[in-house]
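Encoded as structure tokens, the structure appears first; notes follow it.
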Amino acid sequence: MPPPEVEEMQGKAKKLRDFADHVEKLVDEVRDYAGKMDWSGPLTDRVRGEIGTWRTRCSETAGKIRDEAERLDKAATDLLNQK
């Protein structure tokens, strides 16, 4: 059984990955809802473009959160290997 600090680090890494999944899905509901709407007008392309930008930003942010989770997992493994 790993030491408590290693388990804690691994648990936090899992929580970070779960959080990244939620961040990545933030825009999905808005995009899906907007896609179902029959709407047009001067702002339609702008709004759809902003939704696309938001989706990209959420995806990039989720990737960075996953990178942090990976670093935390690596630190936990390194700590475990030192003991």
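In my numbering, each residue carries its 1-based index in the sequence shown increased by 58. Note that the Cβ used here is the ideal one computed from N, Cα and C, for glycine as well. Small disclaimer: the values here were computed from a predicted structure and weren't measured.
Item	Value
Secondary structure at residue 100, three-state DSSP: helix, strand or coil?	coil
Which same chain residues end up closer than 7 Å to residue 88 when comparing Cβ atoms and leaving out the 5 residues on each side of it in sequence?	109
Between residue 84 and the rest of its own chain, which residues show a CB-CB distance below 7 Å, the 5 nearest in sequence each way excluded?	116
Below 8 Å between beta carbons: does that hold for residue 124 and residue 78?	yes
Please identify the residue among 63, 64, 61, 82 whose C-alpha is closest to the C-alpha of residue 111.	82
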